[in-house]
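As you go down the protein sequences, you meet chains S and R in turn. In this text, residue positions in the first sequence follow the working numbering: the first is 55, and each later residue adds one. In this text, residue positions in the second sequence follow the working numbering: the first is 18, and each later residue adds one. Input: a single structure, listed below in structure tokens.
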Amino acid sequence: MTAYTELAQTWQRQAQGALVIVKKNAMLYYLKPPVLIFGVLFPVFFFLAFKMGRPIPAESVVPGMVAMALWFTASAVGPLVTPWERRAKTYERLIATPVSLKAILAGDVLSGLIFGVCLSVVPILLGLALTDAFIVGPMKLAGGIVLGALSFATLGVLLAAPPASSPSNIMLLSNLVRLPLLFVSGIFLPIADMPPWARWVAPLSPLSYAGDMIRGGFGQAGYFPAWLGPVALLVFSVVLFLGAQAFHRRWRAKGL
Amino acid sequence: MTSDNEKPAIEVRGLAKRFDDVQAVAGIDFEVREGELFGFLGPNGAGKTTTVRMLTGVLEPTDGTASVQGHDIRTEALLSRAHMGIVPEQANVYLDLSLWQNLMLMAELHGVPRRQRVREGERLLKTLGLADRRRDKARTLSKGLRQRLMLCTALVTGPQVLFLDEPTSGLDVASARLIRQTVQELRDDGLTVFLTTHNMDEAEEMCSRVAIINQGRVVAIDTPERLRSAMRSSQYLEVAFDGDEVDLAAFERLAGVLRLTRAGKCVRLYGEHPGALATEVVRLAETTGVGITHLCTRKPSLEDVFLYFTGDHAQELEQ
Numbered sequence: 055m056t057a058y059t060e061l062a063q064t065w066q067r068q069a070q071g072a073l074v075i076v077k078k079n080a081m082l083y084y085l086k087p088p089v090l091i092f093g094v095l096f097p098v099f100f101f102l103a104f105k106m107g108r109p110i111p112a113e114s115v116v117p118g119m120v121a122m123a124l125w126f127t128a129s130a131v132g133p134l135v136t137p138w139e140r141r142a143k144t145y146e147r148l149i150a151t152p153v154s155l156k157a158i159l160a161g162d163v164l165s166g167l168i169f170g171v172c173l174s175v176v177p178i179l180l181g182l183a184l185t186d187a188f189i190v191g192p193m194k195l196a197g198g199i200v201l202g203a204l205s206f207a208t209l210g211v212l213l214a215a216p217p218a219s220s221p222s223n224i225m226l227l228s229n230l231v232r233l234p235l236l237f238v239s240g241i242f243l244p245i246a247d248m249p250p251w252a253r254w255v256a257p258l259s260p261l262s263y264a265g266d267m268i269r270g271g272f273g274q275a276g277y278f279p280a281w282l283g284p285v286a287l288l289v290f291s292v293v294l295f296l297g298a299q300a301f302h303r304r305w306r307a308k309g310l
Numbered sequence: 018m019t020s021d022n023e024k025p026a027i028e029v030r031g032l033a034k035r036f037d038d039v040q041a042v043a044g045i046d047f048e049v050r051e052g053e054l055f056g057f058l059g060p061n062g063a064g065k066t067t068t069v070r071m072l073t074g075v076l077e078p079t080d081g082t083a084s085v086q087g088h089d090i091r092t093e094a095l096l097s098r099a100h101m102g103i104v105p106e107q108a109n110v111y112l113d114l115s116l117w118q119n120l121m122l123m124a125e126l127h128g129v130p131r132r133q134r135v136r137e138g139e140r141l142l143k144t145l146g147l148a149d150r151r152r153d154k155a156r157t158l159s160k161g162l163r164q165r166l167m168l169c170t171a172l173v174t175g176p177q178v179l180f181l182d183e184p185t186s187g188l189d190v191a192s193a194r195l196i197r198q199t200v201q202e203l204r205d206d207g208l209t210v211f212l213t214t215h216n217m218d219e220a221e222e223m224c225s226r227v228a229i230i231n232q233g234r235v236v237a238i239d240t241p242e243r244l245r246s247a248m249r250s251s252q253y254l255e256v257a258f259d260g261d262e263v264d265l266a267a268f269e270r271l272a273g274v275l276r277l278t279r280a281g282k283c284v285r286l287y288g289e290h291p292g293a294l295a296t297e298v299v300r301l302a303e304t305t306g307v308g309i310t311h312l313c314t315r316k317p318s319l320e321d322v323f324l325y326f327t328g329d330h331a332q333e334l335e336q
């Protein structure tokens with residue numbers, strides 16, 4: 055067997071392992087209360103708080119609603135899985151399988167991505183059905199959703215690394231990161247209209263780029279150059295994944 | 018040691034683990050032969066679980082290495098883990114999945130083909146008395162049944178080496194017996210088993226060889242029988258005399274008596290040759306007119322051996 059074939063087989067085995075992790079997460083965690091509360095209810099209430107009583111055309115808030123829903127849903131699964139497994143004492147058995155840590159984390163990222171992409175369909179359909187919003191750039195919209203979900207899910211997996219005694223501690227930490235980023239990413243107010251300090255901070259959030267691409271998909275003006283969104287989201291995903299891998303490796307045996 | 022053409026299933030060389038200021042495992046060496054049921058004994062905090070966690074890839078060793086089925090746990094971690102079935106000390110099954118889903122999940126993570134995992138899963142559930150509960154959520158199982166399911170999930174992957182960390186600790190008698198029986202059958206079928214336990218009777222009954230670990234070091238390693246025989250000074254003669262007014266000092270002065278202790282109504286005379294001692298005791302009893310109601314020689318149990326190596330004598334041995 056050549057080294058190339060062996061490498062290809064290893065990658066194939068690890069990819070299969072990651073898909074099994076996705077299946078496990080879907081069966082176990084998609085319907086867990088913390089995922090539903092922080093992933094589904096949060097964005098709905100944020101939207102209502104933002105929209106009600108304000109003279110804004112409904113169709114103009116649809117892209118923001120989609121981006122916000124994606125932000126919360128895609129990043130909700132990751133912070134739950136590892137802490138939950140640690141508490142339920144299933145984590146040790148999982149990391150002793152012949153599936154590498156990288157593949158386990160990739161499976162967790164994929165779980166968040168699928169959850170986020172699927173649930174983002176709901177606000178899109180509601181927006182199209184109930185408002186005058188319409189899609190002018192389907193590829194841009196799809197790219198923003200998929201790449202956004204990828205980077206948000208990776209952020210969620212990174213946030214799950216600290217060895218907390220309880221999943222709620224990690225959910226708290228994740229909200230400590232997600233909420234401030236939500237307000238500086240041009241979801242409620244276009245980045246161009248935000249104060250100068252916020253315009254400086256906005257590029258540090260992956261949500262800014264995903265929101266920009268989604269906005270473009272609905273025919274609204276973007277803040278960043280068109281090429282920058284996909285590149286930035288890919289870079290965010292890679293950097294966050296490498297960080298997640300390093301921190302999960304470092305803390306994997308803590309609190310077993 | 019294994020012969021040149023017989024490759025060990027597990028080979029441990031200078032394996033060490035340090036947690037901040039604590040040296041949990043201090044450079045241990047041993048081998049486990051293929052098809053052997055190897056017991057790993059030690060008091061709480063001796064380094065048993067840390068060793069198992071290093072061997073199973075959960076913890077990174079600080080120093081040294083080991084191989085499982087010829088694959089180095091550091092450089093070929095995934096390959097070494099592919100050969101293992103594991104029942105960790107505190108691990109649990111997925112409580113919100115059914116028994117069948119738990120089994121299939123673990124088999125899929127090990128890449129077991131569908132037909133094989135279904136066949137093995139059905140066979141194992143039947144063997145361990147869980148076939149009727151296959152659709153139930155694992156949450157509904159008692160501790161004993163969960164441990165049986167853990168064993169099923171370890172075996173459904175078709176391992177060549179099985180790690181069992183305190184598998185019968187705190188279980189009901191029926192579950193503990195079934196697990197012991199299943200493990201012994203697996204050993205008879207050629208599976209290598211690495212068993213850590215506190216239960217000395219279990220180790221003595223099941224293991225072909227045992228290692229005793231204390232304060233992170235392997236202090237003894239051999240068959241239970243040889244370890245017991247090696248402790249000649251702990252062999253004794255047990256005697257019960259007729260009547261209370263017996264001059265025990267005279268018996269303690271007999272040649273070959275290392276020490277004398279009382280155990281209820283009996284007296285224990287420790288010596289390297291309890292058989293010869295028995296003759297001397299009978300002779301003295303006849304001479305002094307003392308009746309004997311009970312007399313027998315005893316070898317130390319594995320528990321005596323364990324206490325010898327991990328108790329007060331441990332420091333003497335180290336010195």
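Cβ coordinates follow ideal geometry from the N, Cα and C atoms, glycine included.
Span of the beta strand (DSSP E), counted from its first residue to its last, around E48(R): For the purposes of this step, residue 48(R) is taken as the residue at position 31 of the second sequence. Per DSSP, E48(R) belongs to the beta strand (DSSP E) from 39-49.
Secondary structure at H215(R), three-state DSSP: helix, strand or coil? Along the second sequence, one-based indexing puts residue 215(R) at 198. Coil.
Let me confirm a value: D80(R) is counted as buried when at least 16 other C-beta atoms fall within 10 Å, else exposed. Which label applies? Along the second sequence, read from residue 1 onward, the residue named residue 80(R) stands at position 63. Burial call: exposed.
When Cβ atoms are compared, which residues of the stretch 116-139 of chain S fall closer than 7 angstroms to chain R? none
State the beta-bridge partners of F418(R) as determined by DSSP. Missing from the structure shown is residue 418(R); chain R here goes from 18 to 336 and no further.
Run the CB neighbour count on N231(R), radius 10 Å, all protein chains shown included, and call it buried at 16 or more, exposed below. Here residue 231(R) refers to the residue found at position 214 when the second sequence is read from its first residue. Looking at its Cβ environment, which holds 16 or more other Cβ atoms inside 10 Å, N231(R) is buried.
L301(R) and L254(R) closer than 7 angstroms at C-beta: Within the second sequence, numbered from 1, the residue matching residue 301(R) stands at position 284. Within the second sequence, numbered from 1, the residue matching residue 254(R) stands at position 237. No, Cβ-Cβ distance for L301(R) and L254(R) is not below 7 angstroms.
For V171(S), which of K308(S), V94(S), T144(S) has the nearest alpha-carbon? Numbered from 1 along the first sequence, position 117 holds the residue referred to as residue 171(S). Closest option to V171(S), Cα to Cα, is V94(S).
Looking at the C-beta of I103(R), does it have a partner C-beta in chain S at a distance below 7 angstroms? Within the second sequence, numbered from 1, the residue matching residue 103(R) stands at position 86. Yes - at least one Cβ of chain S is within 7 angstroms of the one on I103(R).
Do the CB positions of F180(R) and A237(R) come within less than 7 angstroms of each other? Along the second sequence, one-based indexing puts residue 180(R) at 163. Along the second sequence, one-based indexing puts residue 237(R) at 220. Not closer than 7 angstroms, so no.
Determine the burial state of R163(R): buried for a count of at least 16 other Cβ atoms within 10 Å of its Cβ, exposed for fewer. Position 146 of the second sequence, counted from the start, is the residue given in the question as residue 163(R). It counts as buried.
Alpha carbon to alpha carbon, how far is V74(S) from R132(R)? Give it in angstroms, no decimals. Against the second sequence, residue 132(R) aligns to sequence position 115. Against the first sequence, residue 74(S) aligns to sequence position 20. Those two C-alpha atoms are separated by around 17 angstroms.
If we call anything under 7 angstroms between Cβ atoms a contact, is P105(R) one with D182(R)? Taking the first residue of the second sequence as 1, we reach residue 105(R) at position 88. Taking the first residue of the second sequence as 1, we reach residue 182(R) at position 165. Yes; because the gap between Cβ atoms is below 7 angstroms, this pair is in contact.
Output, in chain order, the set of chain S residues within a Cβ distance shorter than 7 angstroms of E125(R). Within the second sequence, residue 125(R) is the residue found at index 108, counting from 1. The answer, in chain order, is V74.
Report the CB separation of R156(R) from D113(R) in whole angstroms; it is logged as a contact under 8 angstroms. The count along the second sequence starts at 1 and reaches residue 156(R) at position 139. The count along the second sequence starts at 1 and reaches residue 113(R) at position 96. Right, their Cβ atoms sit about 7 angstroms apart.
Run through DSSP, which three-state label would T136(S) get? Translated into positions along the first sequence, residue 136(S) becomes position 82. If DSSP states are grouped into helix, strand and coil, T136(S) belongs with the helices.
Beta-ladder partner(s) of C313(R), from DSSP: Along the second sequence, read from residue 1 onward, the residue named residue 313(R) stands at position 296. E255(R), per the DSSP bridge assignment.
Euclidean distance between Cα positions of S205(S) and I168(S): For the purposes of this step, residue 205(S) is taken as residue 151 along the first sequence, with counting starting at 1. For the purposes of this step, residue 168(S) is taken as residue 114 along the first sequence, with counting starting at 1. Computed Cα separation, rounded: 12 angstroms.
Helix, strand or coil at V298(R) according to DSSP, with G and I counted as helix: The sequence position of residue 298(R) within the second sequence is 281, counting from 1. In this structure, V298(R) counts as helix in the three-state DSSP scheme.
Mapping DSSP to helix, strand and coil, what is I199(S)? For the purposes of this step, residue 199(S) is taken as the residue at position 145 of the first sequence. In the structure shown, I199(S) sits in a helix (DSSP, three-state: H, G or I).
Kindly say whether R67(S), judged by its beta-carbon, lies nearer than 7 angstroms to any beta-carbon of chain R. Counted from its first residue, the first sequence places residue 67(S) at position 13. It does: the Cβ of R67(S) has a partner Cβ on chain R nearer than 7 angstroms.
In three-state DSSP terms, what is T185(S)? Mapped onto the first sequence, residue 185(S) falls at position 131. If DSSP states are grouped into helix, strand and coil, T185(S) belongs with coil.
Positions along the stretch 151-172 of chain S whose CB lies within less than 7 angstroms of some CB in chain R: T151, P152, V153, S154
Taking Cβ positions only, does E60(S) come closer than 7 angstroms to chain R? In the first sequence, counting from the first residue as 1, residue 60(S) sits at position 6. Chain R, which has no Cβ nearer than 7 angstroms to the Cβ of E60(S), makes this no.
Is the beta carbon of G308(R) closer than 7 angstroms to that of D259(R)? Position 242 of the second sequence, counted from the first residue, corresponds to residue 259(R). Position 291 of the second sequence, counted from the first residue, corresponds to residue 308(R). Going by C-beta atoms, D259(R) is nearer than 7 angstroms to G308(R).
What does A242(R) pair with, by DSSP beta-bridge criteria? For the purposes of this step, residue 242(R) is taken as residue 225 along the second sequence, with counting starting at 1. Position check: residue 242(R) holds Glu in this sequence, whereas Ala was assumed. DSSP output for E242(R) lists no bridge partner at all.
Chain-order list of residues whose beta-carbon lies under 6 angstroms from that of I158(S) (same chain, five-residue window excluded): Translated into positions along the first sequence, residue 158(S) becomes position 104. Counting only Cβ-Cβ distances below 6 angstroms, and skipping sequence neighbours, we find I75.
Ordered along the chain, which non-local residues of its own chain (more than five positions away) have a Cβ less than 7 angstroms from that of D186(S)? Residue numbering aside, residue 186(S) sits at position 132 when the first sequence is read from its first letter. Excluding positions up to five away in sequence, the list reads E113.
Taking beta-carbon pairs under 9 angstroms, can you tell me which members of the stretch 68-80 of chain R lie near chain S? R70, T73, G74, V75, L76, E77
Count the other C-beta atoms from every protein chain shown that fall within 10 angstroms of the C-beta of T305(R), then say buried if there are 16 or more, exposed otherwise. In the second sequence, residue 305(R) corresponds to position 288, counting from 1. Exposed.
In this structure, how does DSSP classify I322(S) when only helix, strand and coil are distinguished? Here chain S comprises residues numbered 55 to 310, so residue 322(S) is not present and cannot be evaluated.
So, helix, strand or coil for R249(R), using DSSP? Locating residue 249(R) in the second sequence gives position 232, counting from the first residue. In this structure, R249(R) counts as helix in the three-state DSSP scheme.
Is the separation between the beta-carbon of S259(S) and that of S228(S) shorter than 7 angstroms? The sequence position of residue 259(S) within the first sequence is 205, counting from 1. The sequence position of residue 228(S) within the first sequence is 174, counting from 1. No, these two residues do not count as a Cβ contact at 7 angstroms.
What number of angstroms, rounded off, separates the C-alpha of F268(R) from the C-alpha of L244(R)? To locate residue 268(R), count along the second sequence from 1; it is residue 251. To locate residue 244(R), count along the second sequence from 1; it is residue 227. Their backbone Cα atoms lie some 28 angstroms apart in a straight line.
What did DSSP end up calling I90(R) once you bin it into helix, strand or coil? As a position in the second sequence, residue 90(R) is number 73, starting the count at 1. It is coil, neither helix nor strand.
Go ahead and pull the three-state DSSP assignment for S20(R). For the purposes of this step, residue 20(R) is taken as the residue at position 3 of the second sequence. Residue confidence is low: S20(R) scores 48 on pLDDT, short of 50, so the model does not pin down where it sits. No coordinate-derived value is stated.
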